[in-house]
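Only one structure is covered here, and it is reproduced in the block below.
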Amino acid sequence: MEHVREETPGRAPATGGATPGPSGIGEQGREWALWRALDTRLPTHAGSGGRTKWNRTRNRLPKTHTLDALCAGTTDTVTATVSAVLVAACTGRGTHARTRCGKHGFPRLYMPRTKAFHGFATGDLVRAVVPTGKNAGTHTGRVAVRSNGKFNVTTDRGAVQGIHHRHVRRLQRGDGYGYTTGKEGAASSPV
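Its first residue numbered 1, the sequence shown is counted upward by one per residue in full-length UniProt numbering.
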């Protein structure tokens, strides 16, 4: 005898997760319901993607994330744009595992018990002022620490290896993100 399981109306099938509606209609309905609930208590404004594109093409701006955010909603004219933007990339905070495994699953090497050495941790934003030697100069970027006190600093020009911890000063403690600056698409001729 074959067992037939009856599905309850309004619930997802037992074999899979929730099934999305056609073209994300359910999600769009939730967004509008949230907007209506907020609009009853706070003064809110909602704009469409078509309005953003119309503002962007009317002001002769290229399509980028930051310029789209500038053109969202009711915008008359855009008189000035930025040339550089802050780009944040997720880098993580390391791993809790104390071993690295080889291809057969056996421990290949043992990681140190602490993540910080000489007051610095991998991911900190630092400035290293090296007075002499092959790496002489000022290097600003993300640090990778070693237990022997010789650190690597990754700058926008590449990695600089073997900088002693005495020459390094922390600018910002690592928060799991890497920050750089990038060029923004320039306007052809702002109106």
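For every residue, glycine included, the Cβ atom is placed at its ideal position computed from N, Cα and C.
Asked	Found
As assigned by DSSP and simplified to three states, the class of K53	helix
Which of helix, strand or coil DSSP assigns to L70	helix
Length of the line joining the Cα atoms of Y177 and S83	22 Å
Start-to-end residues for the beta strand (DSSP E) that takes in K183	Y177 to K183
Contacts around V168, its chain only, beta-carbon distance under 8 Å, and the 5 residues preceding and following it disregarded	F120, V126, R127, A128, V143, F151 and V153
Helix, strand or coil at A128 [DSSP, three-state]	strand
Contact set for H164: own chain, Cβ-Cβ below 7 Å, skip 5 residues either direction	G149 and K150
Exposed unless 16 or more other CB atoms sit within 10 angstroms - verdict on V130	buried
Strand pairing of T138, partner residues [DSSP]	V129
Inside the region 73 to 126 only - alpha helix (DSSP H) runs reaching at least 4 residues	none
Alpha-carbon spacing of R170 relative to R108, whole angstroms	32 Å
Buried versus exposed call for V145 [16 or more other C-beta atoms within 10 Å across all chains shown]	buried
Of the residues C90, S48, T180 and Q172, the one placed nearest G158, counting alpha carbons only	T180
DSSP state of H164 mapped onto helix, strand, coil	strand
DSSP state of G158 mapped onto helix, strand, coil	strand
A97 versus L86, R113 and G26, residue with shortest Cα-Cα distance	R113
Assigned exposure category for L38 - 16 Cβ within 10 Å defines buried	exposed
Euclidean distance between Cα positions of K115 and T122	7 Å
Buried versus exposed call for H139 [16 or more other C-beta atoms within 10 Å across all chains shown]	buried
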